[in-house]
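Quick notes on the structure that follows.
Number of protein chains: 2
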Amino acid sequence: MGQELGPVYLRIYRALKTELQQGDKKPGDELPSENALAAQYSTTRMTVRKSLQLLEREGLIHAWPGKGYYVSQPSHDMFRLEFREDAAQGAASFKSIDVIRAPEDIRDIFSLRPGSRVIEICRLISEDSGRVAYDMKYLPYIKGNPLIEQEINFFVPFPDIVSRMVPTFFFYTRMEIEAALPPEQVAFRLGCVPADPVLVISRYFMDQKDACIGYGRRYLRKDHEKLVAYSGYRE
Amino acid sequence: MGQELGPVYLRIYRALKTELQQGDKKPGDELPSENALAAQYSTTRMTVRKSLQLLEREGLIHAWPGKGYYVSQPSHDMFRLEFREDAAQGAASFKSIDVIRAPEDIRDIFSLRPGSRVIEICRLISEDSGRVAYDMKYLPYIKGNPLIEQEINFFVPFPDIVSRMVPTFFFYTRMEIEAALPPEQVAFRLGCVPADPVLVISRYFMDQKDACIGYGRRYLRKDHEKLVAYSGYRE
DNA sequence: AAGTGGTCTAGACCACTGA
DNA sequence: CAGTGGTCTAGACCACTTG
């Protein structure tokens, strides 16, 4: 027999999870009650509850007060997607950082008046195989904020830069993913023809009042890098 | 003052969360110890722990055994993406369901021998504004499995159909998102020209042994429907 | 009425960090 | 060393479901 290691609540958790993995229990089936499990493992309800809460958090089971615990029907429509600012192996060749008059689309995003200025940061990401992505980021320009200017020169992740602009770190990011033909300039910089579709990934950093405080857009060449997401129980 | 409702651990949780939202505490700052909070709220450590675990699960704070609790630096590179089988308002006009000899790409996905057959389900999704998406789904064909044939005619979500094929409900989905030009047939059915890029969303349903047990591919017209994902603390 | 999960108490021992 | 979080115990009362 394998050694039973670690805290009691983890041993119970693993035992129950194994039962579910092996198909001994199907969605809709009832689990033993907390009291039954406590007796079975010679422990108390509080310890058993900890095991069950773990399974519940993973979406494997759910509690029905007054009745018992039941195996859940797993959902496969919520996905986890990882998108890192700095491509893992990608060499990020710096392109430009400027204060410019905001183009109309950027003005709309930040709700700025015509003529307002924004900070624009452009980068080209390359790998061994060639150019992979072109990245544009925008921040509202606030006079006399040298902090930002200094830090932008270093490789501080964009979310962290955005974070300095708000009084609290409570903000969220909305990502939009679409397919498009690249603007001529972008195609040129990516070294592909404008008829080649690219993946466009937009990120809107929104504060608690749903105002946009940072915006980034990345063009991904279709022949490199895919976006990957997962749902369910990946080992 | 607003009424303080609900269990004690939720009141403590809300009080602490409000402090974080208002920026009273910044990432890296230390929180009061469990004992201090228990005294402050005239309760016990176990109750306070429950509040803190909630915040910890949300990624807002982390515990450092032997030291204390600290406000976390939130990460903005893990996103939540919702992808529903049946477009919310989209009228799913049924197109075809057939048993066919697997094309080479599908054979590779399922690791099938040449000549093997698969079930192919095609659907065209339309909205008021017009055709939005074209959907292809594949399952290995297993003789004498009338269950599947019967159920496929109804609008059972694909993950649930796939679920019947495995002894346990433990499987995961891998999604790949890319930009591409649509194959001629797909462009025709979507009512767009082949030079118009589309979003291609592939889903691989994988069992515990990393074998593919179901595959779906959706072509999304670029002028409709974007994929949207979120990270961080959305209210 | 008996059993269930949800909450809560008032202790306990442990391994760990810091002064 | 005193203080911290991590685990665990042996009770308790409540609202709820079921027979």
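Going down the list, the sequences are from chains S and L.
Everything in the first sequence is counted per the numbering used here, starting at 1 for the first residue and increasing by one.
Everything in the second sequence is counted per the numbering used here, starting at 1001 for the first residue and increasing by one.
Even glycine gets a Cβ: it sits at the ideal position worked out from N, Cα and C.
The beta-carbon distance between Phe-79/S and Tyr-230/S, rounded to whole angstroms, is 6 angstroms. This is short enough to meet the 8 angstroms contact definition. In the DSSP assignment, Ser-202/S falls within the unbroken beta strand (DSSP E) covering 198-206.
According to DSSP, Gly-1214/L shares a beta bridge with Phe-1205/L.
Contact annotation for Glu-85/S against chain L: His-1076 and Asp-1077 [CB-CB distance below 9 angstroms, chain order]. Taking 9 angstroms as the cut-off, the Cβ atoms of Tyr-1138/L and Ile-1106/L count as close. Between the alpha carbons of Glu-56/S and Lys-50/S lies a gap of roughly 10 angstroms. For the set Ile-1213/L, Gly-1130/L and Ser-1072/L, the Cα lying nearest the Cα of Leu-1112/L is the one of Ile-1213/L.
Distance between Ile-1161/L and Phe-1170/L, taken at the CA atoms: about 14 angstroms. When the five nearest sequence neighbours on each side are left out, the beta carbons in the same chain lying within less than 8 angstroms of the beta carbon of Gly-1191/L are those of Gly-1130 and Arg-1131, in order along the chain. Relative to Lys-1017/L, the option among Ser-1072/L, Glu-1184/L and Met-1206/L whose CA is nearest is Ser-1072/L. When 9 angstroms is used as the limit between beta carbons, Gly-1023/L is near these residues of chain S: Val-166, Pro-167, Thr-168, Phe-169 and Phe-170, in chain order.
Looking from the CA of Val-1099/L, the closest CA among Pro-1197/L, Ile-1061/L, Ser-1163/L and Val-1118/L belongs to Val-1118/L.
Separation of Asp-1135/L and Ser-1126/L (C-alpha to C-alpha, rounded to the nearest whole angstrom) is 11 angstroms.
Not flagged as an interface residue toward chain S: Ser-1051/L, since no C-beta distance is shorter than 9 angstroms. Going by DSSP, Ile-1061/L is part of no alpha helix (DSSP H) but of the beta strand (DSSP E) stretching over 1061-1064. The Cβ-Cβ distance between Leu-1220/L and Ala-187/S does not fall below 9 angstroms. Cα atoms of Arg-189/S and Ala-1102/L: separation of roughly 40 angstroms, rounded to the nearest angstrom. When 7 angstroms is used as the limit between beta carbons, Lys-222/S is near these residues of chain L: Glu-1178, Ala-1179 and Ala-1180, in chain order.
Not a single C-beta of chain L is nearer than 9 angstroms to the C-beta of Phe-188/S. Closer than 9 angstroms to the CB of Pro-1027/L there is at least one CB belonging to chain S. For the options Leu-181/S, Lys-222/S and Pro-167/S, the alpha carbon positioned closest to that of Glu-1176/L is the one of Lys-222/S.
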